[in-house]
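> Residue numbers (the working numbering): 141 to 443.
Here a beta-carbon is modelled for each residue, glycine too, at the ideal position from N, C-alpha and C.
Take a look at the following structure, please.
Right, dumping it as structure tokens:
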């Protein structure tokens, strides 16, 4: 087993000690290319479909679904061999928790990055555990100065052990905490400025939060540091009980595709990724979703 900072070979290889620049801002090491164009979240259930996408340049895999020992899952390994960029996406670090991030979980994320030759990894601005109890969900943070300090401390702990840059994703939330001190744009910008991390912008979350909070999604886009975006999530959701739920099991709605266009008109991100985590549609429908993202962003189709 190689540890953080060990050079690897193959697509997306990185060089020891070169994972971050002096400011921690995340320059890609060893000449590895970051995600580009339109991609899709790799899941075992659709591995065959993903393998047959001729123009595919990147995928994202849930890091905790990849064993740290041995080779990557067969379908994922074949994509790496083909030169497709693979980005591990963590869901269990609990970067927003008041407890220090678990070193073993960071080591797992680092190892998965090595296994797939990743140019970067991503995680959420959220917490999933407290006092040893697991929530089983990504939970929103109060947008407070104390929460900023907690996230920054944990992100820095993680960055110190990761061989590649880290991108942070704001989550969808059904409520705001009563002790919020910052709006979302200021909250995110303070965290990014203090850590040098990149931004994983989920445009479906932007829609969900604006819909549930009664705010303007375009006003948020106008205030975010869009030049710091590493890549973008695009996903579907559903209305239920007066709220918009970010389900990842429904088709991407037109309003989210419109936001993709609005985002790209302001500052086109290097890559956009379709997230789908269940209720898999027939292959033609999944291809149509990918084509719609390509059309909205101006990137080549992958199908």
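Can you tell which of 206, 324, 367, 200 has the C-alpha that lies nearest to the C-alpha of residue 229?
It is 200.
> Once DSSP output is grouped into helix, strand and coil, what is the label at residue 343?
It is helical.
> Sorted by chain position, which residues of the same chain lie with C-beta nearer than 8 angstroms to residue 369's C-beta, five sequence neighbours on each side aside?
338, 339, 340, 341, 407, 409, 410
> Quick one: what does DSSP say residue 415 is sitting in, helix, strand or coil?
coil
> Applying the criterion that 16 or more other CB atoms from any shown protein chain within 10 Å of the CB defines a buried residue, is residue 280 buried or exposed?
buried
> With a 10 Å radius around its C-beta and 16 neighbouring C-beta atoms as the bar for buried, classify residue 299 as buried or exposed.
buried
> Give me the Cα-Cα distance between residue 227 and residue 394, rounded to the nearest whole angstrom.
27 angstroms
> Closest by CA to residue 218, which one among 196, 401, 390, 236?
196
> Assuming residue 386 contacts residue 348 (C-beta within less than 8 angstroms), just tell me the rounded distance between them.
Right, their Cβ atoms sit about 5 angstroms apart.
> Are residue 414 and residue 433 closer than 8 angstroms when you measure CB to CB?
yes
> Can you grab the Cα-Cα spacing for the pair residue 360 / residue 323, in whole Å?
10 angstroms
> Is it right to say residue 192 is buried, meaning 16 or more other beta carbons lie within 10 angstroms of its own, or is it exposed?
exposed
> Residue 377 and residue 344: beta carbons closer than 8 angstroms?
yes
> What residues in its chain sit with their C-beta under 7 angstroms from that of residue 267, if we drop five residues either side in the sequence?
234, 236, 237, 279, 281
> Following the continuous alpha helix (DSSP H) through residue 329, name the residue where it begins and the one where it ends.
324-335
> Applying the criterion that 16 or more other CB atoms from any shown protein chain within 10 Å of the CB defines a buried residue, is residue 182 buried or exposed?
buried
> Given residue 208, which residues of its chain have a CB within under 7 angstroms of its CB, disregarding the five upstream and five downstream residues?
248, 251, 252
> Using 8 angstroms as the threshold, is the C-beta distance between residue 212 and residue 255 below it?
Their beta carbons are under 8 angstroms apart, which means residue 212 touches residue 255 by this criterion.
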